[in-house]
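Structure first, then comments.
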Amino acid sequence: MPSPTICVIDDHQDIRSALVEMLQLADYRVTAFSSAKDALETLDRNFTGIVISDIRMPNMDGFELLSRLQKLDSDLPVLLITGHGDVQMAISAIRSGAYDFIEKPFRREHLLEVIKRALDKRQLVCENRRLKDAIASQNKESIIGQSSAINSLKEKITRLAKADVNTLIRGETGTGKELTARRLHEQSDRHKGPFVAINCAALPESMMEVELFGHEAGAFTDAKKTRIGKFEYAHQGTIFLDEVESIPLALAIKILRVLQERQVERLGSNQSINIDIRVIAATKVDLKKLSEQGAFREDLYYRLNVVELYLPPLRERDQDVAMLFRYFVSQASGRFNVPAPELSVHIIDTLMQHDWPGNVRELINVAERFVLTDTLIDQHTLASWQSDTDQQSLPKRLERYEKRLIEEALLQSQGSIKLTYQALGIARKTLYDKLTKYGLDRHRFIDDQ
Ligand SMILES: Nc1ncnc2c1ncn2[C@@H]1O[C@H](COP(=O)(O)OP(=O)(O)OP(=O)(O)O)[C@@H](O)[C@H]1O
Ligand SMILES: [Mg+2]
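Written out as structure tokens, the structure is:
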């Protein structure tokens with residue numbers, strides 16, 4: 022983004038020059054105009070700076086200019102210059118939507134402070150727009166991010182999707198392994214076929230075997246009907262072996278055979294069924310090391326790892342944090358049908374400094390809570406949200422929020438029932454009901470000191 026410019030408009034040459042000089046001395050880039058009309062010809066929605074304009078000018082005055090600029094871009098900060106002591110005019114300027122007014126003669130400190138605030142605001146608006154455009158230009162369900170790691174991942178997905186080779190995806194929890202696997206499938210020639218996911222850590226060994234291979238009727242006591250396994254289901258599509266490091270050694274040899282021979286036998290049958298599948302596996306651990314230690318079959322490792330995709334944790338790609346957060350905030354506000362709270366520079370900074378042990382999944386939770394609660398996000402909030410159990414339902418989350426609001430109101434009113442229900446705008450009885458429901462004791466909030 023080019024460094025922002027301040028656009029100065031005043032018909033008086035001496036005032037204009039004084040202002041320009043003051044701003045240039047403070048290291049700002051300035052363009053100056055002697056009429057509103059000239060300035061309007063150069064300004065558009067892509068202008069990343071702010072406007073400072075005199076009010077009293079021949080032809081088009083400052084108010085008229087302001088109203089035109091608001092039509093052009095309602096988020097463009099316009100500062101109007103008022104005469105000393107002209108209170109009425111200052112009030113009208115603000116009423117008409119000016120960002121602020123500056124009094125003549127200029128007081129340097131004050132002027133620079135107002136300008137800095139206006140520029141910060143403008144920068145945020147422009148950054149939001151830029152990211153919004155970038156997000157809009159990306160496919161829905163697509164992989165969001167602009168770090169070099171994500172850019173190279175997207176390139177690799179496009180290339181590998183067509184290659185139809187077994188692929189191993191490695192990354193910490195919540196980094197997007199399953200999303201990547203799905204994208205590989207969707208962009209491949211197999212996209213019309215099924216994408217079958219199985220979590221290798223979720224089931225005990227014997228059930229896992231049945232899940233993968235299926236069985237014939239009567240294969241064992243509980244096997245009343247023939248059952249098709251996931252390998253067979255995935256025919257002409259992709260099978261996704263999630264948490265592949267958990268595959269027990271005994272089962273690993275059977276899986277290896279399927280990958281080598283492209284055939285499965287249902288349990289209790291000697292008949293081999295040909296299958297055409299692509300295998301994508303995901304792991305949170307260093308599978309190579311595990312196989313060197315003998316905890317994972319080395320031959321299976323090499324079979325799976327024809328190519329490896331590594332997804333770096335979120336804390337190593339700060340550039341993605343803001344973009345992902347904005348994306349999920351806008352998604353959540355659409356889903357919950359509530360307006361998206363404003364994102365300040367401070368919030369974005371805090372998010373970028375956070376460690377994100379749960380990676381993108383954690384970030385989605387934070388974005389949803391932010392939308393639902395509109396809380397100021399700081400290190401403290403993030404830490405307390407982290408300790409709450411994740412993946413709770415919306416009603417549970419709302420309850421937690423309600424409880425917190427009541428606690429805060431009780432704290433404010435030092436345990437006074439009356440002040441609390443008044444502050445919350447609810448009936449006395451409702452408050453009592455909720456205190457019981459959440460096990461809150463108002464006496465805890467009375468300050469004894
Ligand atoms: N770059 C990204 N862009 C958009 N959404 C993402 C991105 N990375 C992850 N997600 C989303 O984050 C959530 C977690 O991702 P996913 O389930 O793919 O992670 P995972 O690595 O499989 O996690 P786990 O190891 O815990 O199973 C999903 O909702 C996914 O859509
Ligand atoms: Mg996963």
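Quick note, the sequence shown lines up with residues 22 to 470 if you use the working numbering. Built from N, CA and C at the ideal position, the CB exists for glycine as well.
Query raised in the report: Do you know offhand how far V41's Cα is from V29's?
Result: Within the sequence shown, numbered from 1, the residue matching residue 41 stands at position 20. Within the sequence shown, numbered from 1, the residue matching residue 29 stands at position 8. So the alpha carbons of these two residues sit roughly 7 Å apart.
Query raised in the report: By a C-beta neighbour count over all protein chains shown, 10 Å radius and 16 as the cutoff for buried, is R151 buried or exposed?
Result: Along the sequence shown, one-based indexing puts residue 151 at 130. Under this definition R151 is an exposed residue.
Report task. For A302, write down the residues that DSSP places opposite it in a beta bridge. Result -> Residue mapping note: residue 302 aligns to position 281 of the sequence shown, counting from 1. According to DSSP, which records beta bridges pairwise, A302 is partnered with L189 and L262.
Report task. Give me every residue whose Cβ sits closer than 7 Å to any heavy atom of ligand 2, in chain order. Result -> K198, E199, D263 and A303
**Report entry** Assigned secondary structure, D462 (DSSP; H/G/I helix, E/B strand, else coil)
**Finding:** In the sequence shown, counting from the first residue as 1, residue 462 sits at position 441. The answer is coil: DSSP assigns D462 none of H, G, I, E or B.
Report task. Check T451 in the structure and name its three-state DSSP category. Result -> In the sequence shown, counting from the first residue as 1, residue 451 sits at position 430. Reduced to three states, the DSSP call for T451 is helix.
Query raised in the report: Under the DSSP definition of a beta bridge, which residues are partnered with T26?
Result: The count along the sequence shown starts at 1 and reaches residue 26 at position 5. Answer is R50, bridged to T26.
Query raised in the report: To the nearest angstrom, how far is it from the Cα of T201 to the Cα of I164?
Result: One-based indexing of the sequence shown puts residue 201 at position 180. One-based indexing of the sequence shown puts residue 164 at position 143. Taking the straight line joining both Cα atoms gives about 8 Å.
Query raised in the report: Can you give the Cα-Cα distance for K424 and Y459, rounded to whole angstroms?
Result: Counting from one through the sequence shown, the residue named residue 424 turns up at place 403. Counting from one through the sequence shown, the residue named residue 459 turns up at place 438. Using only the alpha carbons, I get a separation of about 7 Å.
**Report entry** Reduced DSSP category for L86 - H, G, I as helix; E, B as strand; rest coil
**Finding:** Position 65 of the sequence shown, counted from the first residue, corresponds to residue 86. Helix, per DSSP.
Report task. Could you say which of K213, G239, T259 and A238 lies nearest to I219 if we only look at CA atoms? Result -> One-based indexing of the sequence shown puts residue 219 at position 198. When only C-alpha atoms are compared, the closest one is T259.
**Report entry** Touch test, the region 133 to 153 against the region 307 to 327, Cβ-Cβ under 8 Å, three pairs minimum
**Finding:** no
Requested in this report: Compare the beta carbon distance of V306 and E337 with 8 Å and say whether it is the shorter of the two.
Outcome: Here residue 306 refers to the residue found at position 285 when the sequence shown is read from its first residue. Here residue 337 refers to the residue found at position 316 when the sequence shown is read from its first residue. Not closer than 8 Å, so no.
Requested in this report: Just the C-alpha distance for A47 and F357, rounded to the nearest angstrom, thanks.
Outcome: For the purposes of this step, residue 47 is identified with residue 26 of the sequence shown, where counting begins at 1. For the purposes of this step, residue 357 is identified with residue 336 of the sequence shown, where counting begins at 1. Approximately 45 Å between the Cα atoms of the pair.
Query raised in the report: So, using beta-carbon positions, are G127 and L100 closer together than 8 Å?
Result: By one-based count along the sequence shown, residue 127 stands at place 106. By one-based count along the sequence shown, residue 100 stands at place 79. Note on identity: in this sequence residue 127 is Phe, with Gly being the wrong assignment. No, the pair does not count as a contact, with Cβ atoms beyond the cut-off.
Query raised in the report: With respect to 7 Å, is the separation between the Cβ of I138 and the closest non-hydrogen atom of ligand 1 below this value?
Result: For the purposes of this step, residue 138 is taken as the residue at position 117 of the sequence shown. It is worth fixing the name first, because residue 138 is Arg in this sequence and not Ile. False, no ligand heavy atom lies under 7 Å from that Cβ.
Query raised in the report: So is P98 buried or exposed if we call it buried at 16+ other beta carbons inside 10 Å?
Result: Taking the sequence shown and counting its residues from 1, one reaches residue 98 at position 77. It is buried - the Cβ of P98 has at least 16 other Cβ atoms within 10 Å.
Query raised in the report: Three or more C-beta pairs closer than 8 Å, one from the region 168 to 185 and one from the region 215 to 230: is that the case here?
Result: no
Query raised in the report: Where does S405 sit, in a helix, a strand or coil, going by DSSP?
Result: Within the sequence shown, the letter at position 384 stands for residue 405. If DSSP states are grouped into helix, strand and coil, S405 belongs with the helices.
Query - Strand pairing of H236, partner residues [DSSP] - result: By one-based count along the sequence shown, residue 236 stands at place 215. BP columns for H236 point to R248 and L288.
Query raised in the report: Between which two residues does the beta strand (DSSP E) containing S209 stretch?
Result: In the sequence shown, counting from the first residue as 1, residue 209 sits at position 188. First-last for S209: undefined, no H or E at that position.
Query raised in the report: The beta strand (DSSP E) spanning Y120 covers which residue range?
Result: In the sequence shown, counting from the first residue as 1, residue 120 sits at position 99. Here Y120 belongs to no beta strand (DSSP E), and DSSP marks it neither H nor E.
Query raised in the report: Opposite T103 in the DSSP bridges: which residues?
Result: Looking up residue 103 in the sequence shown gives position 82. Looking at the DSSP assignment, T103 forms a beta bridge with E124.
Requested in this report: Classify G4 as buried or exposed, calling it buried when 16 or more other Cβ atoms lie within 10 Å of its own Cβ.
Outcome: Beyond the ends of the chain as shown, which are 22 and 470, falls residue 4; an answer cannot be given.
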